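Protein chains in written order, with this note's numbering: chain W, 1 to 142; chain P, 143 to 284; chain G, 285 to 426; chain R, 427 to 568.
Ideal placement from N, C-alpha and C gives every residue a C-beta, glycine not left out.
Computed from a predicted model, the values in this text were never measured in an experiment.
Let me begin by presenting the structure, written as structure tokens, before commenting on it.
There are 4 protein chains.
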Amino acid sequence: MTTETVIAVRYPDCDMMHTAHHSVFAVWYEAARMDFFEKMGFSFKDMSSRGINPPLVDLHIKYRAPVHYPGEVTIKTRISFHAPKKLELSYELYYEGSLASEATSFHIWTGPDMKSIDLAAALPEVYAKIEAADPQTKDRDG
Amino acid sequence: MTTETVIAVRYPDCDMMHTAHHSVFAVWYEAARMDFFEKMGFSFKDMSSRGINPPLVDLHIKYRAPVHYPGEVTIKTRISFHAPKKLELSYELYYEGSLASEATSFHIWTGPDMKSIDLAAALPEVYAKIEAADPQTKDRDG
Amino acid sequence: MTTETVIAVRYPDCDMMHTAHHSVFAVWYEAARMDFFEKMGFSFKDMSSRGINPPLVDLHIKYRAPVHYPGEVTIKTRISFHAPKKLELSYELYYEGSLASEATSFHIWTGPDMKSIDLAAALPEVYAKIEAADPQTKDRDG
Amino acid sequence: MTTETVIAVRYPDCDMMHTAHHSVFAVWYEAARMDFFEKMGFSFKDMSSRGINPPLVDLHIKYRAPVHYPGEVTIKTRISFHAPKKLELSYELYYEGSLASEATSFHIWTGPDMKSIDLAAALPEVYAKIEAADPQTKDRDG
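This is the structure we're talking about:
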């Protein structure tokens, strides 16, 4: 499962170099991630109502080509690794048809007390959706 | 009572015009306001512990001259009107010695349920600090 | 002429009060303004290619009701005053069907040297579009 | 050479989780980097006047512990690798005395046309400062 999220570049996203500032990409990737979760069937509202969240512990962004205003970026998002307590998403960001940036975000699952949980045990029906969205990890591990 | 808050301009504060973007001024004025409250003796931590806050209901900013990176701005903050349920602060922002922007923010006092409260009744010792910081309002009303 | 611009609230737009931070509204209103100019027939790209811009000199925002994530806001934008050297836009921001904020932005027209210009003389075909978009000002003045 | 940069957390830096949003760290690390360059003797103004910049091509941030408002972070910055056309900086971010985040940023040197340049050839006196600030790389390579 790979989702596509389209985001319009805003005027203040761009700095004195006339290109989108690198910190904005982190906001864009998060918006793409939220979109992925919603399309997968475990939206932010679902997370909030259950007190279960995937806080970010590691973010790695590569900047390959500048992004300008006005314009829009398209982000392709997929799960690149999953385990009962961990999740990794990978992103490709396209601008004017070319790959302009790539990223990987690593998350742990936490419960209402903000401590690590085993999602497969806590929410098996959600974990099944993750397994369905990322069959590669299973193949890789087995 | 007038406080002075010095804030360093950051590179991404500036947009393609090579001047600080107008939305950043709202963040700077809020930082100056928080500094004012702390120096007056009713810090954000004090507010949070009592569940009493001054949410912003009206913000008016005038932009007189551009602000650039690198550099810093100095904001002079004072109370320009107070009443038991309301508060208005006024700001002057200086850049390289000249007035670059002015603003006024209007607030109501709210309690833990986010509804309007009478601060003079709820926290008389805090309200006395506001009266001391803004003797003009009293003169104006009387 | 009134345009409608729909903007998705993002997770980091919201602060510890769980509502969109007031500085974000300035970014949203600017996005609505850019959308208005494009739909009126004088886009940011047109402005840039001619070196003519409407810098913001005054911004007044009223906050009437909180805006939350996830959700979206709809901004209705119109010209509320125009003259050959000046422009005022007015905005209404709706969230979940209710008016959550209003704003007015005041601009002057500047040329490539960033000095004030008379748009009616410099770009009469653009000024005609502004007059068509805001017939009220003419009535008001005459 | 390791620099220390102290940055105050701002109220809107924190999101609904009451912790500084991950995108803000990218802004903080950039401020620390600018401070490092200035203290090393090649400030942003020096770069701009010569048309030579170190654009970011790779950013890797680890989030170890939450950061809250009010408070401040201290960032320790050093060069972790240098070559005539490349530069890597590494950062440690401390909050309340503990390591809360770490990061690495990778840069290439570009000239006025935004194309890669050899800094050792273009600005030998600046490159000497980098070599002095990072004697480890030389040892590592030799």
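Between P/Val209 and P/Thr161, how many whole angstroms is the CB-CB distance? I'm expecting something under 8 angstroms.
As a first step, residue 209 of chain P is located in the second sequence; it is residue number 67 there, counting from the start. As a first step, residue 161 of chain P is located in the second sequence; it is residue number 19 there, counting from the start. Their Cβ separation, rounded to whole angstroms, is 6 angstroms, which keeps P/Val209 and P/Thr161 in contact under 8 angstroms.
Consider the Cβ of P/Val268: report whether some Cβ of chain R lies at a distance smaller than 8 angstroms.
Against the second sequence, residue 268 of chain P aligns to sequence position 126. By this cut-off, P/Val268 is not an interface position.
So, are the CB atoms of R/Thr503 and R/Thr429 less than 8 angstroms apart?
For the purposes of this step, residue 503 of chain R is taken as residue 77 along the fourth sequence, with counting starting at 1. For the purposes of this step, residue 429 of chain R is taken as residue 3 along the fourth sequence, with counting starting at 1. For R/Thr503 and R/Thr429, yes; Cβs fall inside 8 angstroms.
In the DSSP assignment, the alpha helix (DSSP H) including G/Ile414 goes from what residue to what residue?
The residue labelled residue 414 of chain G in the question sits at position 130 within the third sequence. Looking at the DSSP string, the run of the alpha helix (DSSP H) that includes G/Ile414 is Pro408 to Ala417.
In whole angstroms, what separates the C-alpha of G/Lys370 from that of G/Pro339?
Counted from its first residue, the third sequence places residue 370 of chain G at position 86. Counted from its first residue, the third sequence places residue 339 of chain G at position 55. Straight-line Cα distance between these residues: approximately 10 angstroms.
Please give the ranges of any beta strand (DSSP E) in the region 459 to 496 of chain R, keeping only runs that are unbroken, at least 3 residues long and fully inside the region.
Runs of the beta strand (DSSP E) inside the region 459 to 496 of chain R: 482 to 489.
Excluding the 5 residues preceding and the 5 following P/Lys204 in the sequence, name in chain order all residues of the same chain whose CB lies nearer than 8 angstroms to its CB.
Reading the second sequence from its first residue, position 62 is the one you call residue 204 of chain P. If we look at P/Lys204 and ignore the five residues flanking it on each side, its Cβ neighbours are Ser243, Glu244 and Ala245.
Taking only heavy atoms of the ligand MN into account, decide whether any of them is closer than 7 angstroms to the Cβ of P/Tyr236.
No copy of the ligand MN occurs in the structure displayed, which carries no ligand at all.
What residues from the region 11 to 28 of chain W come within 8 angstroms of chain R, judged by C-beta to C-beta, listed N to C?
Hits within the stretch, in order: Met17, His22, Ser23, Val24, Ala26 and Val27.
Once DSSP output is grouped into helix, strand and coil, what is the label at P/Gly284?
Start at 1 with the first residue of the second sequence, and residue 284 of chain P comes out as number 142. Reliability of the predicted coordinates at P/Gly284 is poor, the pLDDT of 43 falling under 50, and the value obtained from them is presented with this limitation in mind. Residue state, collapsed to three classes: coil.
Name the residue from G/His306, G/Glu314, G/Trp312 and G/Ala315 whose alpha carbon lies nearest to the alpha carbon of P/Trp170.
Counting from 1 along the second sequence, the entry for residue 170 of chain P is found at position 28. Answer by Cα proximity: G/His306.
Report the partner residues of W/Glu88 according to the DSSP bridge assignment.
Walking along the first sequence from the start, residue 88 of chain W turns up at place 88. According to DSSP, which records beta bridges pairwise, W/Glu88 is partnered with W/Phe81 and W/Phe106.
Given P/Lys271, which residues of its chain have a CB within under 7 angstroms of its CB, disregarding the five upstream and five downstream residues?
Stepping through the second sequence from its first residue, residue 271 of chain P is reached at position 129. Closer than 7 angstroms at the Cβ level, and outside the excluded window around P/Lys271, lie Met182, Gly183 and Phe184.
Does the distance from the CB of R/Ala457 to the CB of P/Arg206 come in under 8 angstroms?
The residue labelled residue 457 of chain R in the question sits at position 31 within the fourth sequence. The residue labelled residue 206 of chain P in the question sits at position 64 within the second sequence. No, Cβ-Cβ distance for R/Ala457 and P/Arg206 is not below 8 angstroms.
Taking its Cβ as the centre, do 16 or more other Cβ atoms sit within 10 Å of R/Pro438, making it buried, or is it exposed?
Numbered from 1 along the fourth sequence, position 12 holds the residue referred to as residue 438 of chain R. Burial call: buried.
CB P/Tyr236 to CB P/Val215, shorter than 8 angstroms?
The count along the second sequence starts at 1 and reaches residue 236 of chain P at position 94. The count along the second sequence starts at 1 and reaches residue 215 of chain P at position 73. Contact: yes.
Under DSSP, the beta strand (DSSP E) around W/Glu96 begins and ends at which residues?
As a working note, residue 96 of chain W is residue 96 in the first sequence. Counting along the chain, W/Glu96 falls outside any beta strand (DSSP E), and DSSP gives it neither H nor E.
Return no unless some Cβ of chain G is closer than 8 angstroms to the Cβ of P/Ile203.
Looking up residue 203 of chain P in the second sequence gives position 61. It does; some Cβ of chain G falls within 8 angstroms.
I want to see whether chain W comes within less than 8 angstroms of R/Ser484, judged by CB atoms only; does it?
Taking the first residue of the fourth sequence as position 1, residue 484 of chain R is located at position 58. Note that residue 484 of chain R corresponds to Asp in the displayed sequence, not to Ser. True, the Cβ-Cβ gap to chain W drops below 8 angstroms.
Determine the DSSP secondary structure at W/Val6, reduced to helix, strand or coil.
Position 6 of the first sequence, counted from the first residue, corresponds to residue 6 of chain W. Reduced to three states, the DSSP call for W/Val6 is strand.
Out of W/Ser49, W/Asp118 and W/Glu96, point me to the one whose CA is closest to W/Gly71's CA.
Within the first sequence, residue 71 of chain W is the residue found at index 71, counting from 1. The candidate whose alpha carbon is nearest that of W/Gly71 is W/Glu96.
Measure the alpha-carbon distance for P/Gly284 versus G/Leu343 and round it to whole angstroms.
Position 142 of the second sequence, counted from the first residue, corresponds to residue 284 of chain P. Position 59 of the third sequence, counted from the first residue, corresponds to residue 343 of chain G. Confidence at P/Gly284 is low in this model, with a pLDDT of 43, below 50, so its placement is unreliable and the value that follows should be read with caution. Spanning the two alpha carbons is a distance of roughly 32 angstroms.
Using 8 angstroms as the threshold, is the C-beta distance between W/His82 and W/Asp134 below it?
Within the first sequence, residue 82 of chain W is the residue found at index 82, counting from 1. Within the first sequence, residue 134 of chain W is the residue found at index 134, counting from 1. Result yes, Cβ atoms of W/His82 and W/Asp134 sit closer than 8 angstroms.
DSSP state of R/Thr563, grouped into three classes?
Along the fourth sequence, read from residue 1 onward, the residue named residue 563 of chain R stands at position 137. Looking at R/Thr563 - three-state DSSP - the assignment turns out to be helix.
What do you get for G/Met318, buried or exposed, if any count of 16 or more other CB atoms within 10 angstroms of its CB means buried?
Residue numbering aside, residue 318 of chain G sits at position 34 when the third sequence is read from its first letter. Its Cβ being crowded by 16 or more others within 10 Å, G/Met318 is buried.
Establish whether the CB of R/Glu522 and some CB of chain P are separated by less than 8 angstroms.
Locating residue 522 of chain R in the fourth sequence gives position 96, counting from the first residue. No, because no Cβ of chain P sits closer than 8 angstroms to the Cβ of R/Glu522.
Please identify, using Cβ separations under 9 angstroms, the residues of the region 487 to 502 of chain R that lie next to chain P, in order along the chain.
So the list reads Tyr495 and Pro496, given in the order they occur along the chain.
One question on the structure: do R/Leu525 and R/Glu518 come within less than 8 angstroms of each other, judged by their Cβ atoms?
Residue numbering aside, residue 525 of chain R sits at position 99 when the fourth sequence is read from its first letter. Residue numbering aside, residue 518 of chain R sits at position 92 when the fourth sequence is read from its first letter. In this structure, R/Glu518 lies closer than 8 angstroms to R/Leu525 by Cβ.
Return the CA-CA distance between W/Asp15 and G/Ile291, expressed in angstroms with no decimal places.
One-based indexing of the first sequence puts residue 15 of chain W at position 15. One-based indexing of the third sequence puts residue 291 of chain G at position 7. If you take the alpha carbons of W/Asp15 and G/Ile291, they lie about 22 angstroms apart.
What is the rounded straight-line gap between the Cα of G/Ala406 and the Cα of G/Lys329?
Numbered from its first residue, the third sequence carries residue 406 of chain G at position 122. Numbered from its first residue, the third sequence carries residue 329 of chain G at position 45. In a straight line, the C-alpha of G/Ala406 is about 17 angstroms away from that of G/Lys329.
Could you tell me which residues DSSP puts in a beta bridge with P/Ser258?
The residue you call residue 258 of chain P lines up with position 116 of the second sequence. DSSP, once it has assigned bridges, lists P/Thr252 as partnering P/Ser258.
I'd like to know if W/Lys39 contacts chain G, where contact means its C-beta is closer than 8 angstroms to some C-beta of that chain.
Start at 1 with the first residue of the first sequence, and residue 39 of chain W comes out as number 39. By this cut-off, W/Lys39 is not an interface position.
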